[in-house]
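Per this note's numbering, numbering through the sequence shown is continuous, rising by one, with the last residue being 745.
In what follows, a single structure is set out as structure tokens and then discussed.
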Amino acid sequence: MDLDNRDIRTVEDVLRLLDGLFAPGADRWTDGGADWWDGFYADRDRPVPFFVAKPDENLVSYVERGLLPAGGGRALDLGCGPGRNTLYLASLGYEVDAVDLSATAIRWAEERAAEAGAEGVRFLCGDAFAAPLEGPYDLVYDSGCFHHLPPHRRVSHLALLDRVLAPGGHFALTAFAAGEGGMGSELPDADFYRKGALDGGLAYTDASLRGIFAGLTDIEVRRMRDEAADSPAFGEAFLWTALFRRPWSGRGRPDLTSTSGAPRGGRTVPAPPPPCPPPAPGP
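Okay, here's the thing in structure tokens:
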């Protein structure tokens with residue numbers, strides 16, 4: 463029996479231990495997750511709704527209604543995929559950092575950016591919680607990343623927001639909706655650890671999203687609108703959309719984790735991830 467590995471000292475050590483309770487690739491996040499997503503994005507002609515080169519309808523709505531500034535700023539796109547929301551934000555004048563686990567998705571996004579002549583965009587391949595992200599960002603946008611995280615990695619997500627989101631900045635996301643017409647697993651959190659898998663992603667209620675991000679000011683939480691095939695925006699009603707704002711510093715800065723930028727108990731800072739290797743050639 464090897465007892466020399468009793469080395470759990472920090473919250474990050476605990477999070478990595480919990481990562482290991484899932485089979486490689488089973489949750490599309492831990493070991494093997496990047497390979498799963500590379501395979502997912504390999505066939506660009508698959509009838510996947512969000513492969514379209516359109517921004518989310520809620521993101522467009524936020525800008526058109528003046529909830530987000532149209533004149534630009536700095537933005538972070540978490541789980542950017544082929545870059546459809548990244549390029550929309552860049553077209554508005556935002557400087558965008560876009561990160562995704564999949565090297566295949568990043569290459570596709572880079573191709574789209576080159577075709578569009580987009581400027582002010584930096585694509586990063588790897589784990590968003592370990593990537594060299596330099597805030598503050600005026601907008602952090604998460605379109606479909608959050609619901610693929612195992613429950614314990616919500617701690618990492620909140621710590622990232624606490625570290626990089628500017629005072630007065632906005633956080634917006636889309637996530638699987640629980641209930642009628644929704645998508646995703648509605649199992650209790652503990653059951654995912656018993657199964658060792660996330661069943662394709664977690665479903666959330668509007669109340670649960672408000673509770674998780676209670677340190678931020680709730681601006682709007684609603685179902686995404688269904689958009690027709692010829693619409694200039696992407697929309698599927700099985701998703702929640704949510705927009706939050708961080709209070710200005712000095713006016714009740716939100717305690718998103720337990721300390722500024724780190725979960726309670728301390729946090730080791732991992733090294734930036736190495737460049738993603740090219741995927742194996744297809745058949």
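Virtual Cβ for every residue (Gly too), placed ideally from N, Cα, C.
Remember, it's a predicted structure, so these values are computed and weren't measured experimentally.
Exercise for the section: Tell me the start and end of each unbroken beta strand (DSSP E) in the segment 493 to 547 that is at least 3 residues and wholly inside, in chain order. Expected result: The segment 493 to 547 contains, as complete beta strand (DSSP E) runs of 3+ residues, the segments 535 to 540 (chain order).
Problem - Same chain, Cβ closer than 7 Å to glutamate 689, five either side skipped, listed in chain order - result: Along the sequence shown, one-based indexing puts residue 689 at 227. The residues are Glu519, Ala695, Phe696 and Gly697.
Exercise for the section: Please work out which residues of its chain come closer than 6 Å, Cβ to Cβ, to tryptophan 499, disregarding the five sequence neighbours upstream and downstream, and give them in chain order. Expected result: Mapped onto the sequence shown, residue 499 falls at position 37. The residues are Leu563 and Ser564.
Handout entry: Contacting residues, own chain, Cβ-Cβ under 7 Å from leucine 678 (five flanking each side not counted)
Key = Residue 678 sits at position 216 when you count from the first residue of the sequence shown. Within the same chain, leucine 678 has close Cβ partners Phe633, Phe706, Arg707, Arg708 and Pro716.
Handout entry: Neighbourhood of arginine 490 by C-beta, 6 Å cutoff - its chain only, sequence neighbours within 5 removed
Key = Looking up residue 490 in the sequence shown gives position 28. Hits under 6 Å: Trp498 and His610.
Practice task
My understanding is that phenylalanine 608 touches leucine 627, with C-beta atoms under 8 Å, so please give their C-beta distance in whole angstroms.
Solution key: Position 146 of the sequence shown, counted from the start, is the residue given in the question as residue 608. Position 165 of the sequence shown, counted from the start, is the residue given in the question as residue 627. Not a contact, Cβ separation roughly 14 Å.
Problem - Whole-angstrom distance between glycine 673 and arginine 616, CA atom to CA atom - result: As a working note, residue 616 is residue 154 in the sequence shown. As a working note, residue 673 is residue 211 in the sequence shown. When rounded, the distance between both Cα atoms is 12 Å.
Problem - Of the residues Phe638, Ala593 and Ala592, the one placed nearest glycine 606, counting alpha carbons only - result: Locating residue 606 in the sequence shown gives position 144, counting from the first residue. Checked all of Phe638, Ala593 and Ala592; the closest Cα to glycine 606 is Phe638.
Problem - Straight-line Cα distance separating proline 598 from glutamate 642 - result: Residue numbering aside, residue 642 sits at position 180 when the sequence shown is read from its first letter. Residue numbering aside, residue 598 sits at position 136 when the sequence shown is read from its first letter. Answer to the nearest angstrom: the Cα atoms are 38 Å apart.
Problem - Inter-residue spacing [alpha-carbon to alpha-carbon] between serine 693 and valine 510 - result: Position 231 of the sequence shown, counted from the start, is the residue given in the question as residue 693. Position 48 of the sequence shown, counted from the start, is the residue given in the question as residue 510. Answer to the nearest angstrom: the Cα atoms are 16 Å apart.
Exercise for the section: Determine the direct distance from the alpha carbon of valine 473 to that of leucine 601, and round the result to whole angstroms. Expected result: Residue 601 sits at position 139 when you count from the first residue of the sequence shown. Residue 473 sits at position 11 when you count from the first residue of the sequence shown. Using only the alpha carbons, I get a separation of about 27 Å.
Practice task
Taking all protein chains shown into account, decide if serine 454 is buried (16 or more other Cβ within 10 angstroms of its Cβ) or exposed.
Solution key: Missing from the structure shown is residue 454; the chain here goes from 463 to 745 and no further.
Practice task
Using the Cα positions of methionine 645 and alanine 571, report the straight-line distance between them to the nearest angstrom.
Solution key: Numbered from its first residue, the sequence shown carries residue 645 at position 183. Numbered from its first residue, the sequence shown carries residue 571 at position 109. CA-CA distance, methionine 645 to alanine 571, rounds to 26 Å.
Exercise for the section: With DSSP collapsed to three states, give me the class of threonine 472. Expected result: Mapped onto the sequence shown, residue 472 falls at position 10. DSSP places threonine 472 in coil when its eight states are reduced to three.
Exercise for the section: Please name the residue or residues paired with alanine 704 in a DSSP beta bridge. Expected result: One-based indexing of the sequence shown puts residue 704 at position 242. BP columns for alanine 704 point to Leu635 and Val683.
Exercise for the section: Take leucine 649 and list the residues in its own chain whose beta-carbon comes closer than 6 Å to its own, dropping the five residues that flank it on each side. Expected result: Within the sequence shown, numbered from 1, the residue matching residue 649 stands at position 187. Answer for leucine 649: no residue qualifies.
Handout entry: As assigned by DSSP and simplified to three states, the class of glycine 658
Key = The residue given as residue 658 occupies position 196 in the sequence shown. Three-state result, glycine 658: coil.
Exercise for the section: Identify, in the order they occur along the chain, each residue of the same chain with its Cβ nearer than 7 Å to the Cβ of asparagine 467, setting aside the five sequence neighbours on each side. Expected result: Indexing the sequence shown from 1 puts residue 467 at position 5. If we look at asparagine 467 and ignore the five residues flanking it on each side, it has no Cβ neighbours.
Problem - Residues that DSSP places opposite tyrosine 556 in a beta bridge - result: Your numbering for residue 556 matches position 94 in the sequence shown. Answer is Gly535, bridged to tyrosine 556.
Exercise for the section: Taking leucine 601 as part of the alpha helix (DSSP H), name the residues at either end of that continuous run. Expected result: In the sequence shown, counting from the first residue as 1, residue 601 sits at position 139. No alpha helix (DSSP H) holds leucine 601; the beta strand (DSSP E) holding it covers 599 to 605.
Handout entry: Beta-carbon proximity list for threonine 764, same chain, < 7 Å, skipping 5 on both sides
Key = No answer is possible for residue 764: the residues shown for the chain start at 463 and end at 745.
Handout entry: Reference alanine 704; option with closest CA among Trp710, Ser711, Ala691 and Asp668
Key = The sequence position of residue 704 within the sequence shown is 242, counting from 1. Nearest C-alpha to alanine 704: Asp668.
Practice task
Determine the burial state of isoleucine 568: buried for a count of at least 16 other Cβ atoms within 10 Å of its Cβ, exposed for fewer.
Solution key: Translated into the one-based positions of the sequence shown, residue 568 becomes position 106. Buried: at least 16 other Cβ atoms inside 10 Å.
Practice task
Grab me the residues of threonine 566's own chain with a C-beta within less than 7 Å of its C-beta, minus the 5 sequence neighbours each way, in chain order.
Solution key: Taking the first residue of the sequence shown as position 1, residue 566 is located at position 104. Around threonine 566: Asp500, Tyr503, Ala504 and Pro741.
Handout entry: Alpha-carbon spacing of leucine 620 relative to alanine 592, whole angstroms
Key = Within the sequence shown, residue 620 is the residue found at index 158, counting from 1. Within the sequence shown, residue 592 is the residue found at index 130, counting from 1. Looking at the two C-alpha atoms, the distance is approximately 14 Å.
Problem - C-beta atoms of alanine 640 and tyrosine 666 nearer than 8 Å - result: Along the sequence shown, read from residue 1 onward, the residue named residue 640 stands at position 178. Along the sequence shown, read from residue 1 onward, the residue named residue 666 stands at position 204. Against a cut-off of 8 Å, the Cβ pair of tyrosine 666 and alanine 640 comes out as a contact.
Exercise for the section: Find the nearest neighbour of arginine 574 within the set Arg546, Leu551 and Cys587, judged by alpha-carbon distance. Expected result: Numbered from its first residue, the sequence shown carries residue 574 at position 112. The shortest C-alpha separation from arginine 574 is found at Arg546.
Practice task
Specify the secondary structure class of leucine 549 as computed by DSSP and reduced to three states.
Solution key: Counting from one through the sequence shown, the residue named residue 549 turns up at place 87. If DSSP states are grouped into helix, strand and coil, leucine 549 belongs with the helices.
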